[in-house]
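What follows is a short report on a single structure.
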Amino acid sequence: MGGGNHSVLSEFVLLGLTSSWDMQILLFLFFAMCYVASVLGNLLTVLTIISDHRLHSPMYFFLANLSFIDTGVASIASPKMMYDLFRAYKVISLHGCLAQMFFIHMVGGTEMVLLVVMAYDRYVAICKPLHYLTTMSPRTCACLLALAWTVGLLHSVAQLAFVVNLPFCGTNTMDSFYCDFPRFIKLACTDSYSLEFLVAANSGFISTGTFFILMASYVFILVTVRKRASGGSPKALSTLSAHVTVVVLFFGPLIFFYTWPFPSSNLDKFLALFDAILTPFLNPVIYSLRNKEMKVAMWKLCYQLLGYRKMP
1 MGGGNHSVLS
11 EFVLLGLTSS
21 WDMQILLFLF
31 FAMCYVASVL
41 GNLLTVLTII
51 SDHRLHSPMY
61 FFLANLSFID
71 TGVASIASPK
81 MMYDLFRAYK
91 VISLHGCLAQ
101 MFFIHMVGGT
111 EMVLLVVMAY
121 DRYVAICKPL
131 HYLTTMSPRT
141 CACLLALAWT
151 VGLLHSVAQL
161 AFVVNLPFCG
171 TNTMDSFYCD
181 FPRFIKLACT
191 DSYSLEFLVA
201 ANSGFISTGT
211 FFILMASYVF
221 ILVTVRKRAS
231 GGSPKALSTL
241 SAHVTVVVLF
251 FGPLIFFYTW
261 PFPSSNLDKF
271 LALFDAILTP
281 FLNPVIYSLR
291 NKEMKVAMWK
301 LCYQLLGYRK
311 MP
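Each step along the sequence shown adds one to the number in UniProt numbering, with nothing skipped, and position 69 is 69.
Here you go:
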């Protein structure tokens, strides 16, 4: 189709999750509960770590930032998705679509690097405990956090640069409940194969490579723990299992979404929902339930917020 037939789209139509009214009500109630629990759980984690001086260590510093990022992850696409459940005509503006993709990949890329940093923190703490406080100094932690946000920003800007000037023609219907690069690119009236490959390389291959690097590092740490103590240190093993669970929950949907060669609309929607709502909800649960210090500190903060000076 010639360039003269290209139209300047101002909005995209989202097909959403379902057209059944009863199912939409059930989904809204479920997603609303998960979203509220996710935001409150992650904010409680951040406030707990800030308020308790015993948790002012590198591990909890990174955990607080992970919870802060998860609050953003849960808030980028979920509110509009829940609002759209009650709309027959679900639309999003072109600029809104671009902004949504930008923030999704910025916080996603930041969380990816932060999980690597948290793995490095556990490596130093378990394998080189005598050098832990000097290696993971406050300055180093701040620099690592800044690196995570910088990488996330560059990753998102690089992705957006590929698509921001794409020409569109024909349909503006997107079979999804939010905007992301693969479906956005498919609507362009140009050869999209090379762009789809770049997106897969930038998001899919990086996600897969980072996942296997993380899993290899956790295996190495686990072997080190078992060598130094018969049966392994219970606290170290519990912390590692929490980290591994979060890594699998975060990277699993990403790897399938960006690298699976047989795309399925229903599967993609399920994985997107898992990453957007369920993973941010499960992360604070996993870390708090497997960490006695966090559980005690959370209960202490809750009692203080309720007006009690001491826990009963």
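No residue lacks a Cβ here, since even glycine has one placed at the ideal position from N, Cα and C.
- Residue state for residue 210 is assigned as helix, using DSSP reduced to three classes.
- Here the alpha carbon of residue 18 sits roughly 29 angstroms from the alpha carbon of residue 195.
- In the three-state scheme derived from DSSP, where H, G and I count as helix and E and B as strand, residue 110 is classed as helix.
- Assignment of beta-bridge partners to residue 93 by DSSP yields 11.
- DSSP places residue 146 inside the alpha helix (DSSP H), whose first and last residues are 138–163.
- Each of 92, 71, 114 and 48 was checked against the Cα of residue 16, and the nearest Cα belongs to 92.
- Taking C-beta atoms under 8 angstroms as the contact rule, residue 278 and residue 34 qualify, at a distance of about 6 angstroms.
- As the crow flies, the alpha-carbon of residue 99 is around 29 angstroms from that of residue 20.
- Between the stretch 28–46 and the stretch 62–72, the count of C-beta pairs closer than 8 angstroms reaches three or more; the two stretches touch.
- The C-alpha of residue 292 is placed about 11 angstroms away from the C-alpha of residue 299.
- A distance below 6 angstroms between beta-carbons, with the five flanking residues on each side excluded, links residue 276 to the following residues of its chain, in chain order: 77 and 78.
- Close CB contacts of residue 301 within its chain, under the 8 angstroms cut and outside five residues either way in sequence, are with 44, 47, 48, 51 and 52 (chain order).
- In this structure, residue 238 places its C-beta atom within 7 angstroms of the C-beta atom of residue 290.
- Residue 297 and residue 102 have their C-alpha atoms some 35 angstroms from each other.
- Contact between the stretch 114–134 and the stretch 56–64 is present: 3 or more CB-CB pairs across the two stretches fall below 8 angstroms.
- In this structure, DSSP gives residue 173 an extended state, which the three-state scheme calls strand.
- Taken atom to atom, the span from the alpha-carbon of residue 24 to that of residue 253 is near 23 angstroms.
- When secondary structure is reduced to three states using DSSP, residue 193 falls in the helix class.
- About 5 angstroms separates the Cβ atoms of residue 152 and residue 106, confirming a contact at the 8 angstroms cut-off.
- In the structure shown, residue 18 adopts coil according to DSSP, grouped into three states.
- In this structure residue 135 touches residue 124 by the C-beta definition: roughly 5 angstroms separates them, less than 8 angstroms.
- Per DSSP, reduced to three states, the secondary structure at residue 65 is helical.
- Taking C-beta atoms under 8 angstroms as the contact rule, residue 188 and residue 166 qualify, at a distance of about 4 angstroms.
- With respect to the 7 angstroms criterion, residue 168 and residue 29 are not classified as neighbours on the basis of their beta carbons.
- With a cutoff of 7 angstroms on beta-carbon distance, residue 283 and residue 246 are scored as near each other.
- Using a 10 angstroms sphere on the CB of residue 255, the tally of other CB atoms reaches 16 or more, which defines it as buried.
- Under the DSSP assignment, residue 179 falls outside any alpha helix (DSSP H); it carries neither an H nor an E label.
- Secondary structure at residue 75: helix, using DSSP grouped into helix, strand and coil.
- At a Cβ-Cβ threshold of 7 angstroms, residue 172 and residue 31 do not count as neighbours.
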